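Chemist: Quick note on full-length UniProt numbering: the sequence shown kicks off at 1 and runs consecutively. Virtual Cβ for every residue (Gly too), placed ideally from N, Cα, C. As the structure is a computational prediction, the values presented were derived from the model and not from experiment.
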Amino acid sequence: MEEPDNFETLLYDLFSETCSYLEQRGFQTIFQVRWPDKKIRISTDYMMRIMDNITSNIIKYADPSVPVKILSVDQGEMAGFCFENQIRLSGEKTQSNGIGLQSIKNMMEKMTGKCAVMKEKNGFRITILFPVADS
């Protein structure tokens, strides 16, 4: 784990690359992140893998006609972000083994963070939260 640093410093480039990649793959993104004035500790390697897994899941399962939302989440002692997307409705069912989501949860636990997944009707939301580091 790296030393604590500001959200924007740690995550701006990663989000920029993720949005750009999704747009190249035909998805619209709505980026509504307010960078909290808080510090977090991350493993850059884990964060890159987490973003790769999230992006891969969006490309496999999301409806490209509905924008992917990326939102900030601030819960006081925990802060992070979430991705929301519409699940693709198609005749062919893409099979999921859940390994990517479990991998994300495991990496977040190793960074003392949390990962919450919510599926309802045709919507999907994954929330990634980090403990706020002492300044």
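Which residue's Cα is closest to the Cα of residue 27: 3, 76 and 70?
Modeler: For the residues 3, 76 and 70, the minimum Cα distance to residue 27 belongs to 70.
Chemist: Using a 10 Å radius around the Cβ and a threshold of 16 neighbouring Cβ atoms, would you call residue 80 buried or exposed?
Modeler: Result: buried.
Chemist: Excluding the 5 residues flanking residue 8 on each side, which residues of the same chain have their C-beta closer than 7 Å to its C-beta?
Modeler: So the qualifying residues of the chain are 35.
Chemist: Label residue 89 either buried or exposed according to how many other C-beta atoms from any shown protein chain fall within 10 Å of its C-beta, with 16 as the threshold for buried.
Modeler: Its Cβ having fewer than 16 others within 10 Å, residue 89 is exposed.
Chemist: DSSP on residue 71, reduced to helix/strand/coil?
Modeler: Correct three-state label for residue 71: strand.
Chemist: From residue 65 to residue 45, what does the alpha carbon distance come to, in whole angstroms?
Modeler: So the two alpha carbons sit approximately 31 Å from each other.
Chemist: Which residues in the same chain as residue 117 place their Cβ atom closer than 7 Å to its Cβ, once the five residues preceding and following it in sequence are excluded?
Modeler: Hits under 7 Å: 101 and 126.
Chemist: Roughly how many angstroms separate the alpha carbons of residue 120 and residue 4, rounded to a whole number?
Modeler: In a straight line, the C-alpha of residue 120 is about 35 Å away from that of residue 4.
Chemist: Give, in chain order, every unbroken run of the beta strand (DSSP E) that is at least 3 residues long and sits entirely within the stretch 19 to 99.
Modeler: As far as the stretch 19 to 99 is concerned, its whole beta strand (DSSP E) runs of at least 3 residues are 29 to 32, 68 to 74 and 78 to 86.
Chemist: Could you name the residues of the same chain whose beta carbon sits closer than 8 Å to that of residue 62, not counting the 5 residues immediately before and after it, in chain order?
Modeler: These residues qualify, in order along the chain: 27, 68, 85, 86, 87, 88 and 124.
Chemist: Among residues of its own chain, excluding the 5 on either side of residue 38, which ones have a beta-carbon nearer than 6 Å to its beta-carbon?
Modeler: Excluding sequence neighbours, residue 38 sits near 79 and 132.
Chemist: Distance, Cα to Cα, residue 22 vs residue 31?
Modeler: Distance between the alpha carbons of residue 22 and residue 31: 12 Å.
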